[in-house]
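S.K.: Same order as they appear, the protein sequences are chains A and B. When we follow this note's numbering, the leftmost residue of the first sequence carries the number 1, and every step to the right adds one. When we follow this note's numbering, the leftmost residue of the second sequence carries the number 1001, and every step to the right adds one.
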Amino acid sequence: MMEDTTRGTNYLNAEYGVKSWLLTTDHKRIAMLYLISVTAMATLGGLFALFVRLELLTPAGDLFQSDTYNKLFTMHGILMVFFFLIPSVPAVLGNFLVPMMVGARDLAFPRINLLSWYLYVIGAAFVLFALFTGGVDTGWTFYTPYSTSYANTNVIPAALGIFVAGFSSILTGLNFIVTIHRMRAPGLTWFRLPLFIWAHYATSVIQILGTPVIAITILLVAAERSLHLGIFDPKLGGDPVLFQHLFWFYSHPAVYIMILPSMGVTSEIITCFSRKSIFGYSFVAASSMAIAVLGFIVWGHHLFVSGQSVYAAFVFSILSFLVAIPSAVKVFNWTATLYKGSISLDAPMLYALGFIGLFTIGGLTGLFLSTLGTDVHVHDTYFVVAHFHYIMVGGAIMGYLGGLHFWWPKMTGRMYAETPAKVSALIVFIGFNLTFFPQFIVGYLGMPRRYHFYPDEFQVLNVMSTAGASILGIGYLLPFFYFFWSLRHGALAPANPWKAAGLEWKTPSPPPTFNFDQTPIVREEAYAYPLREAEVV
Amino acid sequence: MSDHGTAEGHALDHAHQFDDAEQQRDASTLGMWVFVAQEILFFGGLFTAYTVYRSAHPEAFAHASHHLDIMLGGFNTVVLIASSLTMALAVHAAQLGKRGGQVLFLLLTMALGSVFLGVKLIEYGHKFHEGFVPGPNFTYPGSEARYAEMFFSLYFAMTGLHALHMVIGIGILAVLVAMALRGRFGPAYYTPVEVSGLYWHFVDIVWIFLFPLLYLIGRH
Chain A
1 MMEDTTRGTN YLNAEYGVKS WLLTTDHKRI AMLYLISVTA MATLGGLFAL
51 FVRLELLTPA GDLFQSDTYN KLFTMHGILM VFFFLIPSVP AVLGNFLVPM
101 MVGARDLAFP RINLLSWYLY VIGAAFVLFA LFTGGVDTGW TFYTPYSTSY
151 ANTNVIPAAL GIFVAGFSSI LTGLNFIVTI HRMRAPGLTW FRLPLFIWAH
201 YATSVIQILG TPVIAITILL VAAERSLHLG IFDPKLGGDP VLFQHLFWFY
251 SHPAVYIMIL PSMGVTSEII TCFSRKSIFG YSFVAASSMA IAVLGFIVWG
301 HHLFVSGQSV YAAFVFSILS FLVAIPSAVK VFNWTATLYK GSISLDAPML
351 YALGFIGLFT IGGLTGLFLS TLGTDVHVHD TYFVVAHFHY IMVGGAIMGY
401 LGGLHFWWPK MTGRMYAETP AKVSALIVFI GFNLTFFPQF IVGYLGMPRR
451 YHFYPDEFQV LNVMSTAGAS ILGIGYLLPF FYFFWSLRHG ALAPANPWKA
501 AGLEWKTPSP PPTFNFDQTP IVREEAYAYP LREAEVV
Chain B
1001 MSDHGTAEGH ALDHAHQFDD AEQQRDASTL GMWVFVAQEI LFFGGLFTAY
1051 TVYRSAHPEA FAHASHHLDI MLGGFNTVVL IASSLTMALA VHAAQLGKRG
1101 GQVLFLLLTM ALGSVFLGVK LIEYGHKFHE GFVPGPNFTY PGSEARYAEM
1151 FFSLYFAMTG LHALHMVIGI GILAVLVAMA LRGRFGPAYY TPVEVSGLYW
1201 HFVDIVWIFL FPLLYLIGRH
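(1) Hey, VAL98(A) and TYR400(A) are a contact pair by Cβ (cut 8 Å); roughly how many whole angstroms apart?
(2) Within the same chain, show all residues whose beta-carbon is closer than 6 Å to that of ILE1170(B), passing over the 5 residues directly before and after it, in chain order.
(3) Please state if the CB of ALA352(A) and the CB of LEU85(A) are separated by a distance shorter than 9 Å.
(4) Could you check which residue in LEU319(A), ALA386(A) and PHE314(A) has the C-alpha nearest to that of GLY373(A)?
(5) Applying the 10 Å Cβ sphere with the 16-neighbour rule, what's the burial state of THR271(A)?
(6) Does DSSP classify ILE1186(B) as helix, strand or coil?
(7) Taking C-beta to C-beta, are LEU220(A) and GLU1149(B) nearer than 9 Å?
(8) Are the C-beta of PRO520(A) and some C-beta of chain B separated by less than 9 Å?
(9) Spell out a yes or no on whether the region 255-272 of chain A and the region 354-365 of chain A are touching, meaning 3 or more CB-CB pairs, one atom from each, closer than 8 Å.
(10) Give the residues from the region 177-196 of chain A that approach chain C closer than 9 Å (Cβ to any Cβ), ordered along the chain.
(11) Can you have a look at GLN65(A) and say buried or exposed, based on whether 16 or more other CB atoms are within 10 angstroms of its CB?
(12) Quick check on the burial criterion: 16 or more other C-beta atoms within 10 angstroms. Buried or exposed for HIS387(A)?
(13) Shorter than 9 Å from the beta carbon of HIS1057(B) to some beta carbon of chain A?
(14) For the alpha helix (DSSP H) containing GLN308(A), name the first residue and the last one.
(15) Output, in sequence order along the chain, the residues in the region 1143-1159 of chain B whose CB is closer than 8 Å to any CB in chain A.
(16) Closer than 9 Å, CB to CB, is HIS245(A) near chain B or not?
(17) Looking only at C-alpha atoms, which of PHE132(A), ALA526(A) and LEU128(A) sits nearest to ALA165(A)?
(18) Is it buried or exposed, VAL19(A), if we count other Cβ atoms within 10 angstroms and call 16 or more buried?
(19) CA-CA distance, VAL255(A) and MET392(A)?
(20) With a Cβ-Cβ cutoff of 9 Å, do ARG53(A) and ALA421(A) count as a contact?
(21) If we define contact as Cβ-Cβ less than 9 Å, is THR1048(B) a contact residue for chain A?
(22) When burial is assigned at 16 or more other CB atoms within 10 Å of the CB, is ASN152(A) buried or exposed?
(23) Checking the sheet assignment: what are the DSSP bridge partners for PRO448(A)?
(24) When you compare the CB of HIS1016(B) with every CB in chain A, is at least one pair closer than 9 Å?
(25) Taking its Cβ as the centre, do 16 or more other Cβ atoms sit within 10 Å of TRP408(A), making it buried, or is it exposed?
(26) Output yes if chain A places a C-beta closer than 9 Å to the C-beta of TRP1207(B); else output no.
(27) Would DSSP call LEU97(A) helix, strand or coil?
(28) Exposed or buried, what is TRP117(A) when buried is set at 16 or more other beta-carbons lying within 10 Å of its beta-carbon?
(29) Is there a Cβ of chain A sitting closer than 9 Å to that of GLY1171(B), yes or no?
(30) Looking only at C-alpha atoms, which of PRO261(A), ARG105(A) and GLY77(A) sits nearest to VAL385(A)?
(31) Is VAL305(A) buried or exposed, if buried means 16 or more other CB atoms sit within 10 Å of its CB?
(32) Thinking C-alpha only, which one of HIS452(A), PHE432(A) and SER509(A) is nearest GLY473(A)?
(33) What does PHE1042(B) touch in chain A if you count any residue whose Cβ is under 7 Å from its own?
(34) Please list, in chain order, all residues of the same chain as LEU50(A) whose beta carbon is under 8 Å from its beta carbon, the five residues on each side excluded.
(35) Below 8 Å on the Cβ atoms is my contact criterion, and I expect GLY295(A) with HIS245(A) to pass it. Report the Cβ-Cβ distance as a whole number of Å.
(36) Does any C-beta atom of chain A lie closer than 9 Å to the C-beta of ASP1026(B)?
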């Protein structure tokens, strides 16, 4: 990839050849394998989003048939949720950084780490097979009995793909938990850990305890389809609402698998570019764990109109409101960190600031949806679509891109070009809001999700949304160019280009295979800004 | 489970990412416990479905349960508990470095596991002949055939998933036997036997729940 004779041996030039990559057990190389594969899946998922937005440019369903449109939004959802958002930050940035941030030579189980990448690839292959042999039209939620008895599309290969990819996610979480527990450098106590690590620890807990439930559920869907086991189909005596309970028992916490790692990224970036320690370290750390725990007891808010008992709905509504508390703790503490900070607006910081604003909107509109009466009104409308895109795209992807910029010099040893990066951050922010803010309004006015035609009066808002999506697309394409450019032409990155605290910055860029020449010893708290002169390399 | 590869410049008794053998053993053990936690949730989905449907149709489940062979199920329970004992003895032999004991007890554990699977296969055969396999050919003598079919759906899903775990467990034990024959295990290094034992005991415990829930409904 990079011919670089000016510096010593590092993880990129230690070995050459395709085999040295495909059989590597180095967490940094596996992170790179993930970077390439999740980028490919996100590109494909983005393509489907483009088709959806093109169809919705006009009120008539004139570009695609209804059946085709159903497949487009289904594939968009499956690819983006299971094959991009869930692995994005943990499997790419987490894989690269968790061992470095705890001062370890690798994750606890390097071969299991490689296995989880292969499971991801196998899962993706199943889903791509489903896609190229006719697609799936159930929505990414696979609601029964449609998915088990009525859909004529490739439900089984898609379900198996998600099943296999689920174990990739479980094994990544397992590796992180063991590494964080057992492999911290001397002096690195729990409350000296970077908040990125706390966020990944909380994420891993959800991956371990949530993912197996979707795995068995989706397996039962496949079994009901193929072997006629009667679990969910009412014709066989089953209860489709049980499927919804089991599905959302994972898929609600899965939202926190997507957002928590990006929150960790944001904590790293905000402190670095404010030159200040985080405000209220222990509260930010604990709020990650609180989100992970609360996330498991709020799934019923997806079933307010599914015939769930009023009392259950009442309890789930209250519990859902509780998630706002740790989320708000984070937002307030990031803001307090900025206060009187020495702020510099580099590209990662622009993404992190964007994250805070967009996550706040996404989180606050979540409160509308946990309110019983309001949810009945906006259930299954574009209001919901806008809400979760503010969390997943405005939150999770902003954090992912911010982190990718922040650690790019560490990962590749090259600096990207700052000006186009800032421009693209701005374009993403503008394009994102233009795409999704009108969807709040059109959803509130009553436009349902998952239809490819709509009444004429909704057209203006939909045109705004499609125009915004085009701008957003450009914002996402730009990094491809300047990141690739930097690999060959970027300035060589010093060990610590941002003058950031944290162990990963105390080793060369790119790092040597075993990360550190000697095991580091930690003698101070996290985010000990401003750095002492001697530490600024 | 465990990584025991080595890298240049590091001692042979632990993998390169660890500082020492003790850290490696701690990590592997914790890793297996976390994996078992994951397994509990994996089976948990099925146990939830079972709980929901049994509480909705208690009579139908009790009647359908009477069509299971309590003798074979009980025999298998004893077999599995015995296999947990031999597994524990294999771990003990590994800790003491007794190669013969390791091989003997691992093979015994595999044998008992295979007996369990054989009996399970016979039971499945019976159910197949009696027409209790869910699907278009399902036939059931009593009333509430639809919910009896659901009972058998859960029966096959739960015991099938359990049996799959047994098969994987026996495969792991075969690898351990090969390692034991080469004298890999001793007081300084027995982690693979220990963590595989954790897995084996977990699979046994799942059966300890499955047996009463499936075979013993309304038999008191």
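C-beta atoms are modelled at their ideal positions from N, C-alpha and C, and glycine is treated no differently.
M.R.: The relevant details are as follows:
(1) That belief does not hold up - the Cβ atoms of VAL98(A) and TYR400(A) are roughly 15 Å apart, past 8 Å.
(2) MET1110 and GLY1113
(3) no
(4) PHE314(A)
(5) buried
(6) Residue identity check: residue 1186(B) is Gly in the sequence provided, not Ile. In this structure, GLY1186(B) counts as strand in the three-state DSSP scheme.
(7) no
(8) no
(9) yes
(10) Included in the structure are the protein chains A and B, with no chain C among them.
(11) exposed
(12) buried
(13) yes
(14) That residue, GLN308(A), is in no alpha helix (DSSP H); it is neither H nor E in DSSP.
(15) ARG1146, TYR1147, GLU1149, MET1150, SER1153, LEU1154, PHE1156 and ALA1157
(16) yes
(17) LEU128(A)
(18) One detail in the question is off: residue 19(A) reads as Lys in this sequence, not Val. Exposed, by the Cβ-count rule.
(19) 8 Å
(20) no
(21) yes
(22) exposed
(23) THR381(A)
(24) yes
(25) buried
(26) no
(27) helix
(28) buried
(29) no
(30) GLY77(A)
(31) exposed
(32) PHE432(A)
(33) PRO212, ALA215 and ILE216
(34) ALA469 and GLY473
(35) With 8 Å as the limit, GLY295(A) and HIS245(A) do not qualify as a contact, their Cβ atoms being about 15 Å apart.
(36) yes
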